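Just below is one structure, and these are the notes that go with it.
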Amino acid sequence: MQHDAIAVIDFGGQYAHLIATKVRRLCVYAEIRQPDDPVEKFEGFKGIILSGSPALASQGEDDDYTKEIFDLDIPILGFCFGHQEIAKHYGGTVINGGREWGRAQLHKVGEAHPLFDGVPEGDQVFMSHFDSVTALGPTFREIGYTQLGGSGTPHRFAALASDSLRRYGFQYHPEVDDTLHGGQMISNFVTGICGCKPSWTMDTYLAEQVESLKRQVGDQSIFLLVSGGVDSTVCAKLLGQVVGPQRLHLLHVDNGLMRKGESAAVLDMFRDLGLDQNLHFIDATDDFLGALAGEVEPERKRAIIGNTFVAVFEREARRLGIDGHLLGQGTIYPDTIETGGTKRSDTIKTHHNRVPIIEEMIRAGRVIEPLAELYKVEVRELGERLGIAHDAIWRHPFPGPGLGVRLLCSTGGADLAGVDLLQPQVAALAAPFGLDGRVLPIRSVGVKADLRSYEHPAILTGDLSWDRLQEAVGSILKNAQGINRCLWNLGPQTYRDVRPLPATMTRERLDLLREADAIVMDGLKRHGLYDQVWQCPTALVPMSVDGAGRELVVVRPIQSERAMTATAANLPAALLAELRRDLLVLPGVSGLAYDLTSKPPGTIEWE
-5 MQHDAIAVID FGGQYAHLIA TKVRRLCVYA EIRQPDDPVE KFEGFKGIIL
45 SGSPALASQG EDDDYTKEIF DLDIPILGFC FGHQEIAKHY GGTVINGGRE
95 WGRAQLHKVG EAHPLFDGVP EGDQVFMSHF DSVTALGPTF REIGYTQLGG
145 SGTPHRFAAL ASDSLRRYGF QYHPEVDDTL HGGQMISNFV TGICGCKPSW
195 TMDTYLAEQV ESLKRQVGDQ SIFLLVSGGV DSTVCAKLLG QVVGPQRLHL
245 LHVDNGLMRK GESAAVLDMF RDLGLDQNLH FIDATDDFLG ALAGEVEPER
295 KRAIIGNTFV AVFEREARRL GIDGHLLGQG TIYPDTIETG GTKRSDTIKT
345 HHNRVPIIEE MIRAGRVIEP LAELYKVEVR ELGERLGIAH DAIWRHPFPG
395 PGLGVRLLCS TGGADLAGVD LLQPQVAALA APFGLDGRVL PIRSVGVKAD
445 LRSYEHPAIL TGDLSWDRLQ EAVGSILKNA QGINRCLWNL GPQTYRDVRP
495 LPATMTRERL DLLREADAIV MDGLKRHGLY DQVWQCPTAL VPMSVDGAGR
545 ELVVVRPIQS ERAMTATAAN LPAALLAELR RDLLVLPGVS GLAYDLTSKP
595 PGTIEWE
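Sequential numbering of the sequence shown, starting at -5, is according to the working numbering.
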């Protein structure tokens, strides 16, 4: 079937495939194209959307794309970097300045524009940029500006349009869920300005994907590592439909980094799904902990976990006589984009299924990844189409490296670089809210304007309403450069003397984290919040607080749909009281903190 289609040019921003997903939700097919694709590759599309980028348009970075696209007689809409490039190409000015990230209010300018049909005045939009448009070329007009907090300095030219050229731009990101009517704006462009007719659905995707997989697999068999998470479960069910249970071998590896009782529950689930004809299990705890012994560096830990997975896979494949099979993986798009998996994307963190050994297998044609173009919400929708039970496909996401990225390790040395300058800033920003603000002498991974950041967290102590806490966090993250994460102290005292401690990956620490994680998960279920909170990582940070304990417990409940953006979830006071009661008495625990950070600027996981 021929579908009307939109081309999404991926300049390496985190959200390029999210744009395609939003278009597909309109039942219009979207295809990712590269910036240097020849202009002939864009023939037949009804419109083009330019994504964001980690590059700076003001500095001419990433300026080597196919500009002949601007000669095409089809509408073009740019987001963030794409917005800036459209302004530049048609005689406007872009400067390095006016940085913003987070939520802002959109205000319309001038006469009503079709891009804003159905969009209320003062609507919430999401910003993440270092560059800004400051002037427009001929035929363009400003159709919207933004304000952070609703009362800040207006940010001009946040939306621009040339109806004669059919060229448009948004400085903000309408594709992310934090832009409340972003889907409507995209629809106004795709179905309104471009005139696309809706004909592409998940049902058509499933049918086309099954046919594509059959051609790719041929008469080969598939060997799939299954963690029991949503992605690997849906992948297993789909591949089982393609090749049948006789040609699908599943291996569940207990890597010692699983949650409490996880492996037994996973095996039971696959039996219930009827996928146990070739279901294999191996307890490889010794392999993984042996390989991780003494390691503290996060990227090194991820690489070791990925390499050990492959080593265990190859060993078990030889033992089972199936080493010639294709390797199936439940990789979804956030795994690849955050690993620098497209030409221009910045590496935010390395995923275990994108380590060099796996990349070599991909180049050799030995890996099949049927979910690689989908986000979590689409994977779950596909799972429903495949008849998988609700409880199986609505489990909280769990990272491939498991608790390996939630058990932080350290040499014990305090990272004090920049703390002397940051501490008075954070204290001053926290004070108007009646909070004590402290900079922690450690760093965590974050993401700002599509670039990886590795900066200090701050911890806040004091009692405030949720809305006021969010205001305080927003003020600190906006104004204290060098801070990418804010925590709320749930312990009984203000932190005065915080010291990192030496710690590595051990069974004892993992068992403590498993117990803490189980307490948090049980609390969410007991309060009826498990299905409302999208994900809730619990992490251990090796740190003493005022000379007590060895482990700071960090709870990070978030709301998200596609993992590309996230906001902190508001847990009720009764649950927080129970967590204080049950977590602070665990052996060796020095404190308890609630991670209030959105993504960006903080990633979901700490490592």
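Backbone N, C-alpha and C define an ideal beta-carbon position, used for all residues, glycine too. These figures come from a predicted structure and were not determined experimentally.
Would you mind working out which of the options sits nearest residue i, comparing C-alpha positions?
| i | options | result |
| --- | --- | --- |
| M263 | P292, T227, R241, A285 | T227 |
| V652 | V247, R253, I216 | Residue 652 lies beyond the stretch modelled for the chain, which goes from -5 to 601, so this question has no answer here. |
| F73 | F5, F64, T302, G112 | F5 |
| K254 | D516, G163, K16 | D516 |
| G46 | L251, E79, D525 | E79 |
| I604 | A51, R150, G54, P69 | Outside the shown range of the chain (-5 to 601) lies residue 604, about which nothing can therefore be said. |
| R150 | S156, M179, G92, F110 | G92 |
| K61 | K35, D505, K40 | K35 |
| S404 | V361, M499, I316 | M499 |
| L471 | H450, D30, T559 | H450 |
| K102 | R135, M121, T87, Y448 | R135 |
| A560 | D117, R265, V170 | V170 |
| G177 | Y489, L12, G85 | L12 |
| E375 | T195, G112, L580 | T195 |
| P423 | G76, A383, G468 | A small fix is needed here, since residue 423 is Leu in this sequence, not Pro. Closest by alpha carbon: G468. |
| I387 | E363, D57, D225 | D225 |
| Q(-4) | C480, T198, S538 | T198 |
| S584 | R490, V514, G223 | R490 |
| L402 | I477, F427, L506, R389 | L506 |
| P192 | R294, E202, R18 | R18 |
| K208 | G186, C188, L233, V220 | L233 |
| V113 | I187, F275, F303, L100 | L100 |
| F124 | F75, G412, V204 | F75 |
| V361 | G116, G324, L130, A408 | G324 |
Between which two residues does the beta strand (DSSP E) containing residue i stretch?
| i | result |
| --- | --- |
| L242 | 242 to 248 |
| E94 | 87 to 102 |
| A24 | 23 to 27 |
| V548 | 545 to 549 |
In the structure shown, what three-state DSSP assignment does residue i receive?
| i | result |
| --- | --- |
| I342 | With a pLDDT of 43 at I342, under the threshold of 50, the modelled position of that residue is not reliable, and no figure is offered here. |
| T198 | helix |
| M252 | coil |
| H450 | strand |
| P536 | strand |
| S257 | helix |
| F5 | coil |
| H521 | coil |
| L66 | coil |
| D117 | strand |
| I80 | helix |
| A287 | coil |
| L320 | strand |
| A510 | helix |
| W600 | coil |
| S438 | strand |
| K40 | coil |
| G72 | strand |
| T325 | coil |
| T279 | helix |
| Q553 | strand |
| S45 | coil |
On the DSSP bridge list, what partners appear for residue i?
| i | result |
| --- | --- |
| T128 | None, per the DSSP bridge assignment. |
| A155 | R135, Y162 |
| N483 | A587 |
| P494 | M537 |
| F110 | In DSSP, F110 forms no bridge with anything. |
| S122 | W95 |
| H149 | T140 |
| I477 | H450 |
| V602 | In the structure as shown, the chain starts at -5 and stops at 601, and residue 602 therefore has no counterpart that could be examined. |
What residue range does the alpha helix (DSSP H) around residue i cover?
| i | result |
| --- | --- |
| N301 | 292 to 314 |
| N272 | N272 -> no alpha helix (DSSP H), and no H or E assigned at all. |
| Q141 | Segment 135 to 142 is the beta strand (DSSP E) holding Q141; no alpha helix (DSSP H) there. |
| S469 | 460 to 473 |
| D576 | 567 to 577 |
| G377 | 370 to 379 |
| A14 | 10 to 18 |
Does residue i come within less than 8 Å of chain B when only Cβ atoms are used?
| i | result |
| --- | --- |
| H246 | No chain B is present in this structure, which holds just one protein chain. |
Tell me the start and end of each unbroken alpha helix (DSSP H) in the region 381 to 433 that is at least 4 residues and wholly inside, in chain order.
384 to 387, 413 to 424
Continuous beta strand (DSSP E) assignments of at least 3 residues falling wholly in the region 157 to 238:
161 to 164, 216 to 219
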